[in-house]
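Asks:
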Amino acid sequence: GQNIDQPTEMTATEGAIVQINCTYQTSGFNGLFWYQQHAGEAPTFLSYNVLDGLEEKGRFSSFLSRSKGYSYLLLKELQMKDSASYLCAVPNYGGSQGNLIFGKGTKLSVKP
Amino acid sequence: ETGVTQTPRHLVMGMTNKKSLKCEQHLGHNAMYWYKQSAKKPLELMFVYNFKEQTENNSVPSRFSPECPNSSHLFLHLHTLQPEDSALYLCASSQDRRGSTDTQYFGPGTRLTVL
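So the protein lines, in turn, are chains A and B.
Going left to right, the first sequence walks through residues -11 to 100 as the numbering used here numbers them.
Going left to right, the second sequence walks through residues 3 to 117 as the numbering used here numbers them.
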């Protein structure tokens, strides 16, 4: 079966760095997505990792370790607008290849 | 703006009502999805359409009925819903379903309350 775990909530200070972890168990692997979702809004695509290592995109970076079934999203120079839920998702390698399985999301609160 | 629009944004309905949710994508994509998002639960896939053909029904009760008249439009028809169906219903689209790594683009969702 498929399973994704990520912390429910995190709090950080404006200007700081925060790391949001995601662990997954899947029967196969075809990449990992991170989405950002502000309250009451659509999830928006942040990153996609399929190879091990760190991919940097501005203030946001995403890391993947396939051997450990582990990923993290790193947010630098936090801004108040980064307060949102961050969703980790992997394609389903079970009966419906390509469907995304989402974690419950990590609600990040950025304080002044 | 992600190129995916949904109407209405908010909907309150009684258990005996019939209503429809509408989704439209302006991205030229061929795959469209309906998701349900409840508080404290992960996004749950409901239906998938690829090139207007339904390719996935994730054990969704028959009181939810999808319709995809063309690759740009997707509807979710609702009838005799239950209070536990209250949730945010999100539509998404992607280039197509042949590639499992296609990025999905989401609409803003319809906040549904069933009384």
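Heads up, the beta-carbon is just placed ideally off N, CA and C, and yes, glycines get one too.
It should be emphasised that the depicted structure is a prediction, and the values quoted were computed from it without experimental measurement.
(1) Closest by CA to Pro63(B), which one among Ala94(B), Met34(B), Glu26(B) and Phe49(B)?
(2) Three-state secondary structure (DSSP) at Lys99(A)?
(3) Looking only at its chain, what residues have a beta carbon closer than 6 angstroms to the beta carbon of Asn87(A), apart from the 5 residues adjacent to it on each side?
(4) Determine the closest residue to Leu66(A) out of Thr1(A), Gln(-10)(A) and Asn(-9)(A), with distance taken between C-alpha atoms.
(5) Below 8 angstroms CB to CB, which residues in the same chain sit around Gly83(A) once its five sequence neighbours on both sides are set aside?
(6) For Phe48(A), decide whether its Cβ has a neighbour in chain E, counting only Cβ atoms nearer than 7 angstroms.
(7) Name, please, each residue of chain A whose Cβ falls closer than 7 angstroms to the Cβ of Pro10(B).
(8) Give me whichever residues DSSP pairs with Val6(B) in a beta bridge.
(9) Is the distance from the Cβ of Ala30(A) to the Cβ of Gly109(B) below 7 angstroms?
(10) Should Thr4(B) be labelled buried (16 or more other beta-carbon atoms within 10 Å of its own) or exposed?
(11) Is it buried or exposed, Asn59(B), if we count other Cβ atoms within 10 angstroms and call 16 or more buried?
(12) Between Pro31(A) and chain B, is any beta-carbon pair separated by less than 7 angstroms?
(13) Cβ closer than 8 angstroms: which chain A residues qualify as neighbours of Gln97(B)?
(14) Using beta carbons (cut-off 7 angstroms, strictly below), is Thr112(B) in contact with chain A?
(15) Can you tell me whether Lys42(B) is buried or exposed, with buried defined as 16 or more other CB within 10 angstroms of its CB?
(16) Which partner residues does Glu46(B) have in the DSSP bridge list?
(17) Look up Asp104(B) in the DSSP assignment and say whether it is helix, strand or coil.
(18) Of the choices Leu117(B), Glu69(B), Val116(B) and Thr105(B), whose alpha-carbon is the least far from that of Trp22(A)?
(19) Alpha carbon to alpha carbon, what distance is there between Gln25(A) and Gln2(B)?
(20) Helix, strand or coil: how does DSSP classify Met15(B) here?
(21) With a 10 Å radius around its C-beta and 16 neighbouring C-beta atoms as the bar for buried, classify Asp87(B) as buried or exposed.
Replies: Once the coordinates are examined:
(1) Here residue 63(B) refers to the residue found at position 61 when the second sequence is read from its first residue. Per the C-alpha coordinates, the member of Ala94(B), Met34(B), Glu26(B) and Phe49(B) positioned closest to Pro63(B) is Phe49(B).
(2) Start at 1 with the first residue of the first sequence, and residue 99(A) comes out as number 111. Lys99(A): strand per DSSP, three-state reduction.
(3) Counting from 1 along the first sequence, the entry for residue 87(A) is found at position 99. Residues Asn80 of the same chain have their beta carbon placed closer than 6 angstroms to that of Asn87(A), with the five preceding and five following residues left out of the count.
(4) Taking the first residue of the first sequence as position 1, residue 66(A) is located at position 78. Each of Thr1(A), Gln(-10)(A) and Asn(-9)(A) was checked against the Cα of Leu66(A), and the nearest Cα belongs to Thr1(A).
(5) On the first sequence, position 95 is the one that residue 83(A) refers to. Because Gly83(A) sits at a pLDDT of 49, beneath the cut-off of 50, its placement in the model cannot be relied upon, and the point is left open.
(6) Of the chains in the structure shown, none is chain E; the protein chains are A and B.
(7) Numbered from 1 along the second sequence, position 8 holds the residue referred to as residue 10(B). The contacting residues do not exist; Pro10(B) stays about 14 angstroms from chain A at best.
(8) To locate residue 6(B), count along the second sequence from 1; it is residue 4. Per DSSP, Gln27(B).
(9) Numbered from 1 along the first sequence, position 42 holds the residue referred to as residue 30(A). Numbered from 1 along the second sequence, position 107 holds the residue referred to as residue 109(B). With contacts defined as CB atoms closer than 7 angstroms, Ala30(A) and Gly109(B) qualify as a contacting pair.
(10) For this step, residue 4(B) is matched to residue 2 along the second sequence. Around the beta-carbon of Thr4(B), 16 or more other beta-carbon atoms lie within 10 Å, marking it buried.
(11) Taking the second sequence and counting its residues from 1, the one referred to as residue 59(B) is at position 57. By the 10 Å Cβ count, Asn59(B) comes out exposed.
(12) For the purposes of this step, residue 31(A) is taken as residue 43 along the first sequence, with counting starting at 1. It does; some Cβ of chain B falls within 7 angstroms.
(13) Against the second sequence, residue 97(B) aligns to sequence position 95. None at all; the shortest Cβ gap to chain A is about 11 angstroms.
(14) The count along the second sequence starts at 1 and reaches residue 112(B) at position 110. For Thr112(B), not one C-beta of chain A is nearer than 7 angstroms to its own C-beta.
(15) By one-based count along the second sequence, residue 42(B) stands at place 40. Exposed: under 16 other Cβ atoms inside 10 Å.
(16) Counting from 1 along the second sequence, the entry for residue 46(B) is found at position 44. Its beta-bridge partners are Lys38(B).
(17) Within the second sequence, numbered from 1, the residue matching residue 104(B) stands at position 102. It is coil, neither helix nor strand.
(18) Position 34 of the first sequence, counted from the start, is the residue given in the question as residue 22(A). Comparing Cα-Cα distances from Trp22(A) to each of Leu117(B), Glu69(B), Val116(B) and Thr105(B), the minimum goes to Thr105(B).
(19) Any question about residue 2(B) goes unanswered here, given that chain B covers just 3 to 117.
(20) Counting from one through the second sequence, the residue named residue 15(B) turns up at place 13. In this structure, Met15(B) counts as strand in the three-state DSSP scheme.
(21) Position 85 of the second sequence, counted from the start, is the residue given in the question as residue 87(B). Here Asp87(B) is buried, its C-beta having at least 16 other C-beta atoms within 10 Å.
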